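The structure appears below as structure tokens.
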Amino acid sequence: MPDVKNIAFSFVTIVVVPLLFFVLLELGLIVAGVGTSFDYFNEIDIDGQPHFQENPDFADQFYPPSLNIGPVENTFAAERSAELTRVFVLGGSAALGFPHKNHGFDRLLEAQLRAALPSRKIEVINLAMTSVNSHVMYAVAKSLPEDSADFAVILMGNNEVVGPYGPGTFNQNFLGNISLIRGLQALKRTRIWQALSGLMQQIRPTDAMQDLEWEGMQMFTNNGVPHDDPRMDGVYSHYENNLADIIEALRSKGMHVVLSSVPVNLRHSAPFLSLRGPDLSDEQVDQWRMMTRRGAESADAQNWGDAVTHFQAALEIDPEYADTHFRLATAYENLGEFENAKGHYERALDLDALRFRADTRINQTIQEMAAGAEGDAFSFVDSAAAFEQSSQPFQPGWNLLLEHVHYDFAGNHVIAAELSRTIVSNITGTDTFEPLPGPEIARRVGFPNHDTVAEIQNLQGMIQHPPFPGQSNYAELAAFLDGKVERVTGAVGSPADVIQKRQNIVRSGLADWKIYFELAVLNQRMRNPTATYYHLNQILELYPHNRESYMKIAQAMSEDGKWSEVIPYLEQSLYYTRGDEEKIAETLGWLGTAYLRTGDYETATDLLLEVTEEYSDQIGLTLRAYGNLIRHAREQGKPKDLERYVTDVQRYARSLVRQEKDKEYPMLYQRMAQIMTMGGFDAEAKEWAEAQAQ
350 MPDVKNIAFS
360 FVTIVVVPLL
370 FFVLLELGLI
380 VAGVGTSFDY
390 FNEIDIDGQP
400 HFQENPDFAD
410 QFYPPSLNIG
420 PVENTFAAER
430 SAELTRVFVL
440 GGSAALGFPH
450 KNHGFDRLLE
460 AQLRAALPSR
470 KIEVINLAMT
480 SVNSHVMYAV
490 AKSLPEDSAD
500 FAVILMGNNE
510 VVGPYGPGTF
520 NQNFLGNISL
530 IRGLQALKRT
540 RIWQALSGLM
550 QQIRPTDAMQ
560 DLEWEGMQMF
570 TNNGVPHDDP
580 RMDGVYSHYE
590 NNLADIIEAL
600 RSKGMHVVLS
610 SVPVNLRHSA
620 PFLSLRGPDL
630 SDEQVDQWRM
640 MTRRGAESAD
650 AQNWGDAVTH
660 FQAALEIDPE
670 YADTHFRLAT
680 AYENLGEFEN
690 AKGHYERALD
700 LDALRFRADT
710 RINQTIQEMA
720 AGAEGDAFSF
730 VDSAAAFEQS
740 SQPFQPGWNL
750 LLEHVHYDFA
760 GNHVIAAELS
770 RTIVSNITGT
780 DTFEPLPGPE
790 IARRVGFPNH
800 DTVAEIQNLQ
810 GMIQHPPFPG
820 QSNYAELAAF
830 LDGKVERVTG
840 AVGSPADVIQ
850 KRQNIVRSGL
860 ADWKIYFELA
870 VLNQRMRNPT
880 ATYYHLNQIL
890 ELYPHNRESY
900 MKIAQAMSED
910 GKWSEVIPYL
920 EQSLYYTRGD
930 EEKIAETLGW
940 LGTAYLRTGD
950 YETATDLLLE
960 VTEEYSDQIG
970 LTLRAYGNLI
980 RHAREQGKPK
990 DLERYVTDVQ
1000 RYARSLVRQE
1010 KDKEYPMLYQ
1020 RMAQIMTMGG
1030 FDAEAKEWAE
1040 AQAQ
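Position in the sequence shown counted from 1, then plus 349, gives you the working numbering.
Structure (structure tokens):
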């Protein structure tokens, strides 16, 4: 009979003691401030009240920090009032609203819900991020606070192959086992892992992967994945498992889940990468090329019957060449054979080896998940079907999307309308709500505006890079966006025109805080300080959690010399710096200047010295703080302080030169010459000026 005491001792020695050691080590590292939390939200205190604020480090568990992928800014009260309806949105860049940063379907949904539920306060909070997939959204869902929202909208599926752990990603190996992926992510979130990782980075040479900069879709173009790649089974399995677990996690946290299918551009997005069959002979390739050329010539001549014949012949030789299906679909469409066109558009989508679009298998998984969902806290919105219905007799294209997956205003309106129907029905128990039409929603959210022009111009720049020039209809895409910019520019008009349009919304009482922010910026540009102050103050009434609003007010008041009134706005803005050292240093330096102007020299000195001591990596702001200290010491007749500050700033500047940081900040010598002159140290000023010349 085994010795129970020996077994127990062995268990304690082998399992319990090491486990206890690692638990205590983990807790100790947390207390010591080593590493960071990877929860999606940080809980912060604002004026004595708990609030949730997005964690800018969240995505660093999946991507190198240098890529700057992360959540959009959101701050909201942790405690929910009875009259509040809050909706979370989960997904990738399409759900985020790219390229329309202020006119995605989240804002349109908020406008629809306000129209339908005028007695309720509505918050739609977007948790989506660029280039993320279901692995990331699973981590988001798991980390959300209990009962933090009423509804959670899920629209995701475009990045399953190119996102983290997908076979087409650029910074990780594909992993076929979802338990291994989740276990690895759990390890990455521990402070022990983070401490070891930081130590390894100090020991070994710099990892080029850690210095990556975001370059958009061209970062993925060398990672084509054929439709029959064995890894695709893992992709679909991971998506299904993640989606099921995301739904369960959100429902367990008290949220009603609204799952959406994923609309993509079928009609006007040619495949990014078509792969030729591997077993074709040279003779077959020559025949295929001839049929493809003849099909293209027939299409150019708008001889669509012949085009169909030639493209069909090409497919008989190579049935899995994606672009042939796309061209054949276009030919069928021009013959009015829309069902045939649909089939080949979908086949072109599924065979596209650069998988930036949710394919038919992804949307089939969503449909099956919705059909099998049990319980009350779940709804399904078939946005893909709504897109198809809105595009009849054609398939969705540039009527609703801007390129392959990102929605134009019309597409965002279709999604927001469908989502609002479902949410309102669940709140009211009726199906009587009819969403507002597109033109009225556009009026309420201020679409288009000057940002819209810049956003489409940004898109024009994006499509000049791979993989877009490789599309067979690239010339048409470029022409479409050229026309789009021209039309939007004409629709927006001058700043004065925009102000007039937005004033009508304000007078109707329907303006949200972003309308007021736009008006504040435009009136500031038009040099109308009275209107600027009015609109800025309205912003803080409607949404007091936007740092830029406080900084705009501080700027206007500083220019008007209202230094004592500036201080509380700057102090409040510190709640929204999110640990960003540049923003903190900027605000502290500005506060120091404000306190100097109001005569509180002790507080001003403390703030400015804090910038020089705690944020010395912010070179320009540190030099500005020293400049203010030196100017004040000279004006107040404090020679000892003046000499100390001059000595300190020279020591600081020489240290920068030794570290070759003057290359990062080429204005160093000029600024130092100015600061020395400001302090009355002309010889030193001359030395710095001469050093610049050398």
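In this text, a Cβ means the ideal position worked out from N, Cα and C, and glycines have one as well.
None of the values given here were measured: they were computed from a predicted structure.
For methionine 478, count neighbouring Cβ atoms within 10 angstroms of its own Cβ and tell me buried if that reaches 16, exposed if not. buried
Just to confirm the assignment, what range does the beta strand (DSSP E) spanning phenylalanine 425 have? 424 to 426
Only counting the same chain, and skipping five residues up and downstream in sequence, which positions put a Cβ closer than 8 Å to that of lysine 470? Ser430, Glu432, Leu433 and Thr434
If you follow the alpha helix (DSSP H) that valine 510 is part of, which residue opens it and which one closes it? Taken as a continuous stretch (DSSP letters only), valine 510 belongs to no alpha helix (DSSP H), as it is neither H nor E.
For the 8 Å Cβ check, are there 3 or more pairs between the segment 515 to 525 and the segment 453 to 466? no
Here's the rule: buried if 16 or more other CB atoms are within 10 angstroms of the residue's CB, otherwise exposed. What is glutamate 646? exposed
Where DSSP assigns a beta bridge to leucine 504, which residues make up the other side? Gly440
With a threshold of 16 other CB atoms inside 10 Å of the CB of phenylalanine 758, please say whether the residue is buried or exposed. buried
For lysine 989, count neighbouring Cβ atoms within 10 angstroms of its own Cβ and tell me buried if that reaches 16, exposed if not. exposed
Where do the N-terminal and C-terminal ends of the beta strand (DSSP E) with leucine 615 fall, by residue? Premise fails: leucine 615 is in no beta strand (DSSP E) and is neither H nor E.
Under 8 Å, do leucine 664 and phenylalanine 569 count as touching if we go by C-beta distance? no
For phenylalanine 1030, which residues in the same chain have their Cβ closer than 8 Å to its Cβ, ignoring the five residues on either side in sequence? Val995
By how many angstroms is the C-alpha of aspartate 949 removed from the C-alpha of glutamate 908? 19 Å
Can you round the beta-carbon distance between methionine 581 and alanine 501 to whole angstroms, since I take them to be within the 8 Å contact cut? Incorrect: roughly 28 Å between the Cβ atoms, too far for contact.
Which residues DSSP lists as bridging isoleucine 552, in chain order: Bridge partners of isoleucine 552: none, in fact.
Looking only at its chain, what residues have a beta carbon closer than 6 Å to the beta carbon of lysine 863, apart from the 5 residues adjacent to it on each side? Asn451
Tell me the rounded alpha-carbon separation between serine 480 and glycine 441. 6 Å
With a threshold of 6 Å on Cβ separation, who are the neighbours of glutamate 589 within its own chain once the five nearest residues in sequence on each side are excluded? Thr714
Three-state secondary structure assigned by DSSP to isoleucine 363: helix
Work out the CA separation of leucine 684 and asparagine 652 for me, nearest whole Å. 10 Å
Mapping DSSP to helix, strand and coil, what is arginine 435? strand
In its own chain, which residues sit with a C-beta less than 7 Å from the C-beta of proline 742, not counting the 5 before and 5 after it? Phe687
Cα separation between glycine 382 and isoleucine 552? 21 Å
For serine 857, count neighbouring Cβ atoms within 10 angstroms of its own Cβ and tell me buried if that reaches 16, exposed if not. exposed
Just how far apart, CA to CA, sit tyrosine 925 and valine 421? 13 Å
Determine whether the beta carbon atoms of lysine 602 and aspartate 672 lie at a separation below 8 Å. no
Could you tell me which of Glu914, Ser1004 and Lys911 sits nearest to aspartate 966, measuring between CA atoms? Ser1004
Cutoff 7 Å; reference tryptophan 1037; Cβ partners in own chain excluding five residues on either side: Tyr1018, Met1021, Ala1022 and Met1025
I need the DSSP call for proline 414, collapsed to helix, strand or coil. helix
Would you kindly report the start and end of the unbroken alpha helix (DSSP H) that includes proline 917? 912 to 922
From histidine 484 to valine 634, what does the alpha carbon distance come to, in whole angstroms? 40 Å
Please classify proline 367: is it buried, with 16 or more other beta-carbons within 10 angstroms of its beta-carbon, or exposed? exposed
Look up glutamine 661 in the DSSP assignment and say whether it is helix, strand or coil. helix
If you draw a straight line from the alpha carbon of leucine 536 to that of tryptophan 542, how long is it in whole angstroms? 6 Å
With a cut-off of 8 Å on the beta carbons, I'd call methionine 640 and histidine 659 a contact; round off their distance for me. 5 Å
C-alpha gap between tryptophan 747 and aspartate 406, whole angstroms: 35 Å
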